[in-house]
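I have placed the structure first, in the form of structure tokens, so that the comments after it can refer back to it.
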Amino acid sequence: MKLNKKIFLYFFSIFFVLFVIVTYFQYRREKEFSRLQLDGQLNSYVHTIHNFIQSEKPTWEELTRFVRLFPDSTLRVTIIDSLGNVIFDSSLPKGTHFQNHLNRPEIAKAHKEKIGEAIRHSASTGKNYYYLAERFPEYYIRCALPYNVNVVASLKANMLFLYFMLFMFIITVLALFFISKNFSRSIDRLRIFTQKAEQDDILDTDIQFPNDELGEISNNIVQLYRRMLESKTDADRQREKLFKHLQISHEGLGIFSSDKKEILANTHFIQYTNILADEEVKSSDEIFSIPEFSEINAFIDDCLSNNETKRKRITIEKNGYSFYVQCIVFQDDTFEISINDISTQEHENELKRHLTQNISHELKTPVSSIMGYMESILDNPDIPLQRQRFFIERAYQQTQRLSALLQDISTLNKLDEADQLFAKEPCFLSEIIDEVLNDVRILIEQKNCKVIKNYRSDIKIKGNNSLLYSIFRNLMDNALTYGGENITVEINCYREDNEFYYFSFSDNGPGVAEEHLNRLFERFYRVDKGRSRKMGGTGLGLAIVKNAVLFHKGNISAKNQPGGGLSFIFSLRKY
Numbered sequence: 004m005k006l007n008k009k010i011f012l013y014f015f016s017i018f019f020v021l022f023v024i025v026t027y028f029q030y031r032r033e034k035e036f037s038r039l040q041l042d043g044q045l046n047s048y049v050h051t052i053h054n055f056i057q058s059e060k061p062t063w064e065e066l067t068r069f070v071r072l073f074p075d076s077t078l079r080v081t082i083i084d085s086l087g088n089v090i091f092d093s094s095l096p097k098g099t100h101f102q103n104h105l106n107r108p109e110i111a112k113a114h115k116e117k118i119g120e121a122i123r124h125s126a127s128t129g130k131n132y133y134y135l136a137e138r139f140p141e142y143y144i145r146c147a148l149p150y151n152v153n154v155v156a157s158l159k160a161n162m163l164f165l166y167f168m169l170f171m172f173i174i175t176v177l178a179l180f181f182i183s184k185n186f187s188r189s190i191d192r193l194r195i196f197t198q199k200a201e202q203d204d205i206l207d208t209d210i211q212f213p214n215d216e217l218g219e220i221s222n223n224i225v226q227l228y229r230r231m232l233e234s235k236t237d238a239d240r241q242r243e244k245l246f247k248h249l250q251i252s253h254e255g256l257g258i259f260s261s262d263k264k265e266i267l268a269n270t271h272f273i274q275y276t277n278i279l280a281d282e283e284v285k286s287s288d289e290i291f292s293i294p295e296f297s298e299i300n301a302f303i304d305d306c307l308s309n310n311e312t313k314r315k316r317i318t319i320e321k322n323g324y325s326f327y328v329q330c331i332v333f334q335d336d337t338f339e340i341s342i343n344d345i346s347t348q349e350h351e352n353e354l355k356r357h358l359t360q361n362i363s364h365e366l367k368t369p370v371s372s373i374m375g376y377m378e379s380i381l382d383n384p385d386i387p388l389q390r391q392r393f394f395i396e397r398a399y400q401q402t403q404r405l406s407a408l409l410q411d412i413s414t415l416n417k418l419d420e421a422d423q424l425f426a427k428e429p430c431f432l433s434e435i436i437d438e439v440l441n442d443v444r445i446l447i448e449q450k451n452c453k454v455i456k457n458y459r460s461d462i463k464i465k466g467n468n469s470l471l472y473s474i475f476r477n478l479m480d481n482a483l484t485y486g487g488e489n490i491t492v493e494i495n496c497y498r499e500d501n502e503f504y505y506f507s508f509s510d511n512g513p514g515v516a517e518e519h520l521n522r523l524f525e526r527f528y529r530v531d532k533g534r535s536r537k538m539g540g541t542g543l544g545l546a547i548v549k550n551a552v553l554f555h556k557g558n559i560s561a562k563n564q565p566g567g568g569l570s571f572i573f574s575l576r577k578y
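In my numbering, each number is its position in the sequence shown, counted from 1, plus 3.
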């Protein structure tokens, strides 16, 4: 068979299959269009009846007369309340007993999707109908037409398009016949293919070439391209796995070039580096200027002149944290540094053992105080009214503290066990922080506190508005309560990458002793228990902050400022 005939038959087959597919889908589309037209007509009836009901509040008889005004005399209208009881049916007399309609297909679908349709046999009238129902706040309105010859005809597709497609197919076949005579078309196709392959464009690797020398060469090129594409896809897949592992791993990992420039660093690496640094670290490259990493830095400098893989392990303790640091220098002079937080493991079991005891103790304190005040009033009926009021006010203060404690415990339980209850939506962080500052403005003025905001106004987080509010509200309350007067609070977004924003919330108050830093986020943990209770603290504010940050796929830690004060370092996932 000649090459031009092969080309013609090849393209004829392709266009024939394409013609069948397009014709089939167009037929389905025309049929769907016809159905939508019928649905649109019935839906207009539904809304007309709904508007009439809302404006006139008609009786059964008035509604029956209104339905008869529609141009289609066979129209059947049914109104069903939200429990499935029929309260009106235009095809049956008033007083007719109806079955519950909630399980009717069109009603069940309307309950889920607002609008439902069905073709079925009516148990009430004994006829076949095409139904359309729509759900409204107080009831369902269902319109139906008898499923007769007219309705069936209206649901059929318009066949005019079929003749048009057939005409276009004939024109295409004639065009292919003349095009196939031009042998140079195959050469052009091969040239285009090789150009796209060179530019790494997406190509169809299943192209069939003629069974000749040109086809053999073309097939070899396609096979080479397919193998190259498979190798690239596999490499991309492995790289994606590595990125996902780095993001979800609790290990901080940074990979650097021979000139100590960042190639890749995950969230935990940035987080741990900021804990160890005295100043905020905006880039992982700055790790080499941290004094605690001088031993690692010297090890890297010694290894870069050799072509051997070497390893160095050290432990760093700072700000109440313990980190296990490992550095591996590879033969190509690139190296990786891994940082593991080993300070929190020993506290986890202790927290679980004492959690129940702490809750019982924290609840017992306000309850005992309330009972004491009430017993004093009951045991001394002749107590002066002023003294009586004093006891009642103190008891009321304890009930407020008890209520706040229970609310905080409830919030933490939801975050621990049912965080899906918190809906996520786009949240603009600047608006949330402004709301927090506005809510505590009086206390800020009383404390003569200065607030510095250093972040963009367009920062958007996909999260829960109330939880984001609680993060900054609890941090602000903590600074105002324990930082003293005349302090400066700074809220800073110091870094961002493709997935996270990195924040610091710091003040220049008295700070916290290092032995307390690693326990600040424990539930019911207080640095000064007596002072905290006297100020009304529940001991759960920072625990809520930590869990809210974790809910937004971030991490948080605390450290003391070099010049005094406390700094919270945390990250939040971008929108």
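All C-beta atoms in this analysis are idealised placements derived from N, C-alpha and C, irrespective of residue type, glycine included.
Alpha-carbon spacing of residue i relative to residue j, whole angstroms
i: Gln401; j: Phe394; result: 11 Å
i: Ala421; j: Asn550; result: Reliability fails at Ala421, whose pLDDT of 47 lies under 50, so the model's placement of it is uncertain and no value is given.
i: Ser473; j: Val370; result: 26 Å
i: Glu282; j: Ile386; result: 60 Å
i: Asn511; j: Gly487; result: 9 Å
i: Leu179; j: Glu428; result: 54 Å
i: Lys112; j: Leu232; result: 46 Å
i: Asn441; j: Val49; result: 49 Å
i: His271; j: Leu256; result: 7 Å
i: Lys330; j: Val530; result: Per the sequence shown, the amino acid found at residue 330 is Cys instead of Lys. Approximately 36 Å between the Cα atoms of the pair.
i: Asn277; j: Val284; result: 6 Å
Among the options, the one whose alpha carbon lies nearest that of residue i
i: Ile224; options: Thr197, Arg123 and Tyr504; result: Thr197
i: Asn300; options: Thr26, Arg476, Lys263 and Val25; result: Lys263
i: Glu396; options: Pro384, Gly255 and Tyr376; result: Tyr376
i: Lys315; options: Ser325, Lys321 and Asp304; result: Asp304
i: Phe167; options: Asn151, Phe22, Ile380 and Thr62; result: Phe22
i: Gln449; options: Gly566, Asn489 and Ala147; result: Asn489
i: Ser93; options: Leu78, Leu105, Arg107 and Asn106; result: Leu78
i: Asn88; options: Tyr143, Ser346 and Gly323; result: Tyr143
i: Ile464; options: Asn495, Leu307, His555 and Asn46; result: His555
i: Pro96; options: Ile290, Lys60, Thr128 and Lys247; result: Thr128
i: Val454; options: Asn495, Leu471 and Ser460; result: Asn495
Where the beta strand (DSSP E) containing residue i begins and where it ends
i: Gln329; result: Tyr324 to Val332
i: Thr67; result: Segment Trp63 to Arg71 is the alpha helix (DSSP H) holding Thr67; no beta strand (DSSP E) there.
i: Glu499; result: Thr491 to Glu499
i: Ala147; result: Tyr142 to Pro149
i: Glu428; result: Glu428 to Phe431
i: Ser94; result: Per DSSP, Ser94 belongs to no beta strand (DSSP E) and is neither H nor E.
DSSP three-state assignment for residue i, whether helix, strand or coil
i: Asn277; result: helix
i: Gln389; result: helix
i: Cys306; result: helix
i: Glu448; result: helix
i: Ile290; result: helix
i: Ser221; result: helix
i: Val439; result: helix
i: His50; result: helix
i: Asp510; result: strand
i: Ala301; result: helix
i: His124; result: strand
i: Leu569; result: strand
i: Phe19; result: helix
i: Thr581; result: As shown, the chain starts at 4 and ends at 578. That puts residue 581 outside it, with no answer to give.
i: Ile395; result: helix
Boundaries of the alpha helix (DSSP H) in which residue i is found, first to last residue
i: Arg79; result: Run containing Arg79: none in the alpha helix (DSSP H); it sits in the beta strand (DSSP E), Arg79 to Asp84.
i: Ala482; result: Asn468 to Tyr485
i: Phe554; result: Gly544 to Phe554
i: Ile110; result: Pro108 to Glu116
i: Leu520; result: Glu517 to Leu520
Residue i, buried or exposed, once every other Cβ within 10 Å from all chains shown has been counted against 16
i: Ala482; result: buried
i: Ile436; result: buried
i: Ala492; result: Checking the sequence, you will find Val at residue 492 rather than Ala. Classification for Val492: buried.
i: Val443; result: buried
i: Met479; result: buried
i: Lys635; result: Absent from the structure is residue 635, since the part of the chain shown begins at 4 and ends at 578.
i: His124; result: exposed
i: Phe508; result: buried
i: Tyr399; result: exposed
i: Leu86; result: exposed
i: Gly539; result: The pLDDT assigned to Gly539 is 48, lower than 50, so where the model puts this residue is not dependable; a value taken from the coordinates is nonetheless given after this. Answer is exposed; the Cβ neighbour count stays below 16.
i: Ser574; result: buried
i: Gly43; result: exposed
i: Ile83; result: buried
Interface flag, residue i vs chain D, CB-CB below 7 Å
i: His248; result: Among the chains of the structure shown, chain D does not appear; only one protein chain is present.
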